[in-house]
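Structure first, commentary second.
2 protein chains.
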Amino acid sequence: MSHLFKRLSSTATVTIKATPSKAHHHVPLPSSAFPAGYLLTGLHAGVKKNPGALDVGLILSTSQRPTSAAACFTRNAFKAAPVLVSDQIITQNAGRARAVVVNSGCANAVTGRQGIDDAWAMVRATDALLPPSTNPKHAHETLVMSTGVIGQNLPIANILAGIQSQAQNSPSNSLAPDFAAWERAARAFMTTDTFPKLRARTFSIGGVQYRMAGMDKGAGMIHPDMGPASTSFASGQQLHATLLGCILTDAAVSPRSLQSALTYAVERSFNSISVDGDMSTNDTILVLANGAAAAESREIDEETDSQAYEVFKKELTEFAVDLAKLVVRDGEGATKFVTVTVKGAPTYKDAHSIASRISTSALVKTALYGEDANWGRILAATGSIPLSPLPTSPSEASQIDPTKVSVSFVPSDGSAPLLVLVRGEPENVDEVRAKAILEQEDFGVLVELGMGTEEATYWTCDFSYEYVRINGDYRS
Amino acid sequence: MSHLFKRLSSTATVTIKATPSKAHHHVPLPSSAFPAGYLLTGLHAGVKKNPGALDVGLILSTSQRPTSAAACFTRNAFKAAPVLVSDQIITQNAGRARAVVVNSGCANAVTGRQGIDDAWAMVRATDALLPPSTNPKHAHETLVMSTGVIGQNLPIANILAGIQSQAQNSPSNSLAPDFAAWERAARAFMTTDTFPKLRARTFSIGGVQYRMAGMDKGAGMIHPDMGPASTSFASGQQLHATLLGCILTDAAVSPRSLQSALTYAVERSFNSISVDGDMSTNDTILVLANGAAAAESREIDEETDSQAYEVFKKELTEFAVDLAKLVVRDGEGATKFVTVTVKGAPTYKDAHSIASRISTSALVKTALYGEDANWGRILAATGSIPLSPLPTSPSEASQIDPTKVSVSFVPSDGSAPLLVLVRGEPENVDEVRAKAILEQEDFGVLVELGMGTEEATYWTCDFSYEYVRINGDYRS
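So, in structure tokens, the structure goes:
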């Protein structure tokens, strides 16, 4: 509404800004940064047409101790075959698994019975790379993930041949614990991503040092809403994500507590990002905890040692946020990385819903692309969300009071936020400063509702010509 | 997810297709097509900078009978001043009003106390154009609407001078009942619209012929959700819309029944369209019914003559759909007009929510722009909506069964739909036929859920480079 008579009456040409290079976000790490007891690789099996492109990734836990596994899967009704199969395995094994296989280039989604068979075939082929199971109840110990085109069958023979080429005695076995191997695995996750998303983190609990490393991928159909396995063996709130990610640690964590820590972490990380507002059929975040850091330590568990659990949960959440942000940073067509914070809400859910709406608004996102401090669009998005019922009167919803709402733009250099609306009254905005803030790649939007003490943060990107080009022009 | 390695590594130029000319959707009408008892005009008061641009519209009922008025207003928490003022008048007068004043170019939204004062000043100035009220309870009889930039004050002196220039004895009075006058009023609604949106319709009830005519405007921040006045004097479901529209009829309808017919009509028309998924602070649809067609007829009322009421409701709904479609047709950057129908849903609300999600999905809308029959994106959008609780077990939600879902593209030439997914199984799609359908400006998307008998229709447009240009590049 803030622009008049700008319509196009004839064909025109526009210049698409080059997306700023994101390559510097891929950083080499010392092999010592990675958790003990994992072997990884990535290989080209022929799902992607480009001969050099890695499209199958393998992660094996070689720990002598039981490896715990937890997962959050998309809540989309059209769950892809690998989601259904991984869900079943993790449930049957009550939170234990020792391997992950991933392919990129084909999502194995909406592929019917054949898709389910193919996902199981990937599981069985990867199971065969593992040392024999010590738990006879575990028929299968591999979790499977796929990403790429919907509605096409996997080139399963190629994929199986690729997996089999990694058998221990095979001359082409490239499974390894070093940085190069982790990087190969991370590259095998990529679709429209412009760089492999690989991070590592060290933390201590009770004097023991642990490591955590992981990888994820985007870069479109990103508006996750993920929850734990369908027949959950763990307690915890049901949550909802399309992206793939895998986090690996050498801490020992009980399956129940690994799931509850992951569910908490995912809500505040992967379920709080948006590239385009579209939820995928394949979103999956997996975590393995193999206990390889210390042979004798007790499994971290919420009930037996809540202090250790809280430290682990905090570390996992911070790490998940780091990985989630990389997906937004590399969003399709993204030229901006914007942190949207809603404060002063009556409930976390309200704060999260409003931050999500601002983060997905086409008008807000095109204004961010245009480096335009258009707070009117932010306000309209804020006001379009119905709030939760009042705790004191469940039949009535809370109401935003426009005279209590403030909006500011937050520069990334640590200088003071630029207030554009203060308790419902527009400020006389310093346009030069506004432009200086919005010209940066990174900045924040802060909405203060003045209704309570709850807050939520969302990470989003702008909406550019390149997004339209990637997603609209791809047949031409 | 259905495109790989398409990222841009350097600055590029793209050609923006010219939006197909929409001028032929503005059609001249005989003056006899318009309802009796209305005088209208549009004038340039100086809100818009362009000297020729009409920016204030006036609609006066000159009927000797009481004129009923009904309205649906945006549900946005940041309701603009004209919304708050119109809401108050229509409530105080229990559904009676005789005039409408509209300005374009400035939304008078987020303008604090001054904004409220300005809206009242427009009301008073227009009231002064009316013959003296016969109802002493009606202190004010004008409803007010504004559209344009948020957060700026109206140039109120110019607007008031413009309204005053239309006094009966003024030499510059251009108020008239003919086509040219209706067209001037319709032009005064326009912001980024490329043509004035004006339609008329004739209908009969009980042997009496009535007329209905109206106008509306878009063309961005269009995802209405409107409901009746806040302290509703009428029964009817609370609903939610940013667009402005005004429908005028010479039928006599009781205020209560006019509101309930409008509430029904708006849900199935203006609340079922989307250009960009963003709800405005100003969305308003007004209807006046002045009884001027027949001096002696009883007011149509739901309780005293339900048959007449049902005919009126049906006519109003069909007319509202016609006006609502014009807004989508002329949506910012729109090159396609797409009818999204969801059938076989357990409830109307579920069908409406899924149709809304498909209609707002950035991935679906960019695919429509790219003329790409990407049913995977349609399916992912469909599956991302949580359904209503089961009537038999309110703690459980209904679940979509992927094996029951079919998707097709519906050509606008009346030929058979092109099935792309049948009960969960992808069809071998005839790509030549798919391309032929999607190359048209008009076509439909049909999703059959196979869960029930409810259905809903949404009207949407594509997401183009021009949308980004209009909304992102407007400072450059």
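Chain order of the listed sequences is A and B.
Be aware that the first sequence starts at 2, since it is given in my numbering, and climbs by one per residue.
Be aware that the second sequence starts at 2, since it is given in my numbering, and climbs by one per residue.
Each residue gets a CB set at the ideal place from its N, CA and C atoms; glycine is no exception.
All values reported here derive from a predicted model rather than from experimental measurement.
How should B:Thr404 be labelled, buried or exposed, when 16 other C-beta atoms within 10 angstroms of its C-beta is the threshold for buried?
The residue labelled residue 404 of chain B in the question sits at position 403 within the second sequence. By the 10 Å Cβ count, B:Thr404 comes out exposed.
Does B:Asp88 come within less than 8 Å of chain A when only Cβ atoms are used?
Position 87 of the second sequence, counting from 1, holds the residue named residue 88 of chain B. At a cut-off of 8 Å between beta carbons, B:Asp88 makes no contact with chain A.
Is A:Val469 buried or exposed, if buried means 16 or more other CB atoms sit within 10 Å of its CB?
If you number the first sequence from 1, residue 469 of chain A lands on position 468. Per the 10 Å Cβ criterion, buried.
Segment contact, 8 Å Cβ cut-off, at least three pairs: the stretch 286-303 of chain A with the stretch 29-37 of chain A
A contact exists between the stretch 286-303 of chain A and the stretch 29-37 of chain A.
Using a Cβ cut-off of 8 Å (strictly closer), state whether B:Arg470 contacts chain A.
In the second sequence, the residue the question calls residue 470 of chain B occupies position 469. Yes, B:Arg470 counts as interfacial toward chain A.
Could you please tell me which residues of the stretch 386-406 of chain A, in chain order, have their CB closer than 9 Å to any CB of chain B?
Residues Ile386, Pro387, Leu388, Gln400, Ile401, Asp402, Pro403, Thr404, Val406.
Short CB-CB distance (under 8 Å) between A:Met452 and chain B:
Along the first sequence, read from residue 1 onward, the residue named residue 452 of chain A stands at position 451. No, A:Met452 does not count as interfacial toward chain B.
By a C-beta neighbour count over all protein chains shown, 10 Å radius and 16 as the cutoff for buried, is B:Gln65 buried or exposed?
The count along the second sequence starts at 1 and reaches residue 65 of chain B at position 64. Counting Cβ neighbours within 10 Å, B:Gln65 comes out exposed, since fewer than 16 surround it.
Could you confirm whether any beta carbon from chain B is found closer than 8 Å to the beta carbon of A:Asp277?
Position 276 of the first sequence, counted from the start, is the residue given in the question as residue 277 of chain A. It does; some Cβ of chain B falls within 8 Å.
Below 7 Å on C-beta distance, what does B:Pro229 contact in chain A?
For the purposes of this step, residue 229 of chain B is taken as residue 228 along the second sequence, with counting starting at 1. Neighbours of B:Pro229 on chain A: none; closest Cβ ~16 Å, over 7 Å.
Just the Cα atoms here: how many angstroms apart are A:Gly473 and B:Asn375?
Within the first sequence, the letter at position 472 stands for residue 473 of chain A. Within the second sequence, the letter at position 374 stands for residue 375 of chain B. Between the alpha carbons of A:Gly473 and B:Asn375 lies a gap of roughly 10 Å.
Do B:Leu144 and B:Leu287 count as a contact pair if the criterion is CB distance below 8 Å?
Residue 287 of chain B sits at position 286 when you count from the first residue of the second sequence. Residue 144 of chain B sits at position 143 when you count from the first residue of the second sequence. Taking 8 Å as the Cβ cut-off, B:Leu287 and B:Leu144 qualify as a contacting pair.
May I ask you to report which of helix, strand or coil DSSP gives B:Gln115?
Start at 1 with the first residue of the second sequence, and residue 115 of chain B comes out as number 114. Helix at B:Gln115.
Can the beta-carbon of B:Leu30 be found closer than 8 Å to that of B:Ala182?
What you label residue 30 of chain B is simply residue 29 of the second sequence in a count that begins at 1. What you label residue 182 of chain B is simply residue 181 of the second sequence in a count that begins at 1. By the CB criterion at 8 Å, B:Leu30 and B:Ala182 fall outside the cutoff.
Contacts that A:Ala368 makes with chain B (C-beta to C-beta distance below 8 Å)
The residue given as residue 368 of chain A occupies position 367 in the first sequence. Under the 8 Å cutoff, chain B gives Asn472, Gly473.
Segments assigned alpha helix (DSSP H), at least 4 residues, entirely inside the stretch 313-385 of chain A
Those alpha helix (DSSP H) runs which fall completely within the stretch 313-385 of chain A and span 4+ residues are 349-361, 363-370, 376-384.
Counting C-beta neighbours from all protein chains within 10 Å, is the total for A:Gly384 16 or more, i.e. buried, or is it exposed?
As a first step, residue 384 of chain A must be located in the first sequence, where it is residue number 383. Looking at its Cβ environment, which holds 16 or more other Cβ atoms inside 10 Å, A:Gly384 is buried.
How many angstroms separate the CA atom of A:Leu450 from the CA atom of B:Thr305?
Working through the first sequence from its first residue, we reach residue 450 of chain A at position 449. Working through the second sequence from its first residue, we reach residue 305 of chain B at position 304. Going by the C-alpha atoms only, they are around 47 Å apart.
Looking at the C-beta of B:Glu319, does it have a partner C-beta in chain A at a distance below 8 Å?
For the purposes of this step, residue 319 of chain B is taken as residue 318 along the second sequence, with counting starting at 1. For B:Glu319, the answer is no, since every Cβ of chain A falls outside 8 Å of its Cβ.
Could you tell me the boundaries of the beta strand (DSSP E) in which B:Glu449 lies?
Within the second sequence, numbered from 1, the residue matching residue 449 of chain B stands at position 448. Counting along the chain, the unbroken beta strand (DSSP E) around B:Glu449 starts and ends at 443-449.
The stretch 112-124 of chain A touching the stretch 159-170 of chain A, judged by at least three CB pairs closer than 8 Å
Three or more Cβ pairs closer than 8 Å define a contact, and the stretch 112-124 of chain A meets that threshold against the stretch 159-170 of chain A.
State yes or no: is the C-beta of A:Val339 within less than 8 Å of the C-beta of A:Val406?
Residue mapping note: residue 339 of chain A aligns to position 338 of the first sequence, counting from 1. Residue mapping note: residue 406 of chain A aligns to position 405 of the first sequence, counting from 1. For A:Val339 and A:Val406, no; Cβs fall outside 8 Å.
Take the Cβ of B:Arg97 as the centre, count every other Cβ of all protein chains shown within 10 Å, and call the residue buried at 16 or more, exposed below.
Your numbering for residue 97 of chain B matches position 96 in the second sequence. Counting other Cβ atoms within 10 Å of its Cβ, B:Arg97 reaches 16 or more and is therefore classed as buried.
In chain order, what residues of the stretch 415-430 of chain B put their CB closer than 8 Å to some CB of chain A?
The residues in question are Leu422, Gly425, Glu426, Pro427.
With a threshold of 8 Å between beta carbons, is B:Ala78 in contact with chain A?
Along the second sequence, one-based indexing puts residue 78 of chain B at 77. Cβ-Cβ to chain A under 8 Å: yes for B:Ala78.
Is the CB of A:Tyr466 under 8 Å away from at least one CB in chain B?
In the first sequence, residue 466 of chain A corresponds to position 465, counting from 1. So, interface residue.
Nonlocal neighbours in the same chain, by C-beta distance under 6 Å from A:Thr232, ignoring five residues either side
Position 231 of the first sequence holds residue 232 of chain A. Summary for A:Thr232: the model assigns pLDDT 44, below 50, so the residue's position carries little reliability; its value from the coordinates is reported in the next sentence. Only Thr92 meet the Cβ criterion.
Where do the N-terminal and C-terminal ends of the beta strand (DSSP E) with A:Asp217 fall, by residue?
Working through the first sequence from its first residue, we reach residue 217 of chain A at position 216. That run of the beta strand (DSSP E) goes 209-218.
Neighbour flag for A:Met216 against chain B, beta carbons, 8 Å:
Numbered from its first residue, the first sequence carries residue 216 of chain A at position 215. No, A:Met216 does not count as interfacial toward chain B.
Hey, does A:Ile151 have any beta-carbon neighbour from chain B nearer than 8 Å?
As a working note, residue 151 of chain A is residue 150 in the first sequence. At least one beta carbon of chain B lies nearer than 8 Å to the beta carbon of A:Ile151.
Which residues share a DSSP beta bridge with B:Glu426?
Translated into the one-based positions of the second sequence, residue 426 of chain B becomes position 425. According to DSSP, B:Glu426 bridges with B:Val423.
With a 10 Å radius around its C-beta and 16 neighbouring C-beta atoms as the bar for buried, classify A:Pro83 as buried or exposed.
In the first sequence, the residue the question calls residue 83 of chain A occupies position 82. The residue is buried, with at least 16 neighbouring Cβ atoms inside 10 Å.
Compare the C-beta of B:Val84 against all C-beta atoms of chain A and say whether one is closer than 8 Å.
One-based indexing of the second sequence puts residue 84 of chain B at position 83. No, B:Val84 lies away from the interface with chain A (no Cβ there is under 8 Å from its Cβ).
Could you tell me whether the stretch 112-120 of chain A touches the stretch 131-138 of chain A, using the rule of 3 or more Cβ pairs below 8 Å?
The stretch 112-120 of chain A, when compared against the stretch 131-138 of chain A, does not touch it at the 8 Å Cβ threshold.
First and last residue of the uninterrupted beta strand (DSSP E) at A:Asp148:
The sequence position of residue 148 of chain A within the first sequence is 147, counting from 1. The question names Asp, but residue 148 of chain A in the sequence shown is Thr. 143-150 is the extent of the beta strand (DSSP E) around A:Thr148.
Which residues of chain A have a Cβ atom closer than 8 Å to the Cβ of B:Val111, listed in chain order?
As a first step, residue 111 of chain B is located in the second sequence; it is residue number 110 there, counting from the start. Result: Gly377, Leu380, Pro403, Leu422, Gly425, Pro427.
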